[in-house]
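What follows is a single structure, written as structure tokens, with notes after it.
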Amino acid sequence: MRAALVALVILALPSALSAQETPQPPHDATVAEQDADVARRARAAFEAGVAHFEARRYRDAIHEFQVAAQLVPSADLWFNVARAHEELGEWDQAIEHYRRYLRDRVDPPDRAQVEGHIRELEERAEAARAARLTRPTTGTLTVRVDVEGASVRVGERDVGQSPIGDELPLDPGRHPLLVTREGYLPFRSEVAIEPGLRTAAYVDLEPETRYRAIEGERIFTWIAWGLSAASLGVAIGLGVEAGSRQGTDLDNAREWSAWSDAALGAAIGFGALGAILWFLEGRAVGTEVIPPPTE
């Protein structure tokens, strides 16, 4: 086929060249000049197409051959266009132009060869169509997380919690991936899925740094409340003793009652002091890191 293309350098545009060799009447000189210009432009486009073909710039070669065909129609040019489409793997377009070559060329000497080649291209085209129908349209994703119990979300879909053993079928493209677990920083990323391919995402979660307050020990609070309770007990005891002495010695009873009132006042004072110390000593004196949850 390559030899046939090179041979067309000589065969193409015969009608235009023969028109230049035919003597023209004097009054047709302008028409002859126009025909010669068209022939020159067509040959230049054709030769540019051959140069592109030799350099494997097949798309540019097709364009130049089509320009030449518009200027000077030639069945041989359709053969060249078909060859360029064939090199590009465009079987249907190649078949179309090979058939056009056979239709427009008068008694082509290579008809049997070209028809056989068309049948080969038809088989290739059919195989390509069948391959497109059986080509996978989805890919799969596997997510591996270094901690258990992490929630995995792909796009708008909640996949479940790690470990996830199943492969996830996904449409081709980029999908957002979100992995979360209490005590760890959220992991956000994107995964690219290609049809027919397996993609794996490995996620290492970082522990979240959390703190809690360290409260001071309420030593003096409990001492104050202890003294308050003791004072209350003393006040009650003194009050009972004062009551027992009222019938025999009123002055002595009053003295015991005064001591009871003093003890009760001390109990109330120590109780109030303990309440104040509860808030003062309960203030945070520092912070500590909360360790991440264990597996």
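Mind the numbering: the sequence shown is residues -19 to -1, 1 to 276 in mature numbering (1 follows the signal peptide of the UniProt record, and there is no 0), read in order. C-beta: ideal position from N, C-alpha, C; glycine also.
Cβ contact (3+ pairs, closer than 8 Å) linking the stretch 209 to 221 and the stretch 234 to 246: yes
Rounded to the nearest angstrom, what separates Asp88 and Val53 at their Cα positions? 20 Å
What does the alpha-carbon distance come out to for the pair Ile101 and Ala109? The question names Ile, but residue 101 is Glu in the sequence shown. Their backbone Cα atoms lie some 13 Å apart in a straight line.
Does Gly141 come out as helix, strand or coil in the three-state DSSP assignment? strand
Please report the straight-line C-alpha distance between Ala205 and Ile257, rounded to a whole angstrom. 10 Å
Nearest-angstrom Cα separation, counted from Leu261 out to Ser225: 42 Å
I need the boundaries of the beta strand (DSSP E) containing Ala131, first residue and last residue. Looking at the DSSP string, Ala131 is not in any beta strand (DSSP E), and its letter there is neither H nor E.
Buried/exposed call for Tyr183, threshold 16 Cβ in 10 Å: exposed
Could you tell me whether any non-hydrogen atom of the ligand FMN is closer than 6 Å to the CB of Phe168? No copy of the ligand FMN appears in this structure; indeed no ligand is present at all.
Using DSSP with H/G/I as helix, E/B as strand and the rest coil, what is Ser170? strand
Can you tell me which of Leu208, Arg199 and Trp240 puts its alpha carbon nearest to the alpha carbon of Ala223? Trp240
What three-state label does DSSP hand Val87 in the structure shown? coil
Please determine, among Asp85, Leu254 and Ala181, the residue with the shortest C-alpha to C-alpha distance to Asp57. Asp85
Threshold first: 3 residues or longer. Then list the beta strand (DSSP E) segments lying entirely within the stretch 190 to 246, N to C. 191 to 196
For Trp154, the three-state DSSP class (helix, strand or coil): The residue asked about is misnamed: residue 154 is Gly in this sequence, not Trp. In this structure, Gly154 counts as strand in the three-state DSSP scheme.
What's the C-alpha gap between Ile174 and Thr123? 11 Å
Own chain, CB closer than 6 Å to His8, minus 5 neighbours either side, in chain order: For His8, the predicted model reports a pLDDT of 42, less than 50, meaning its position is unreliable and no value from the coordinates is stated.
Determine the DSSP secondary structure at Ala93, reduced to helix, strand or coil. helix
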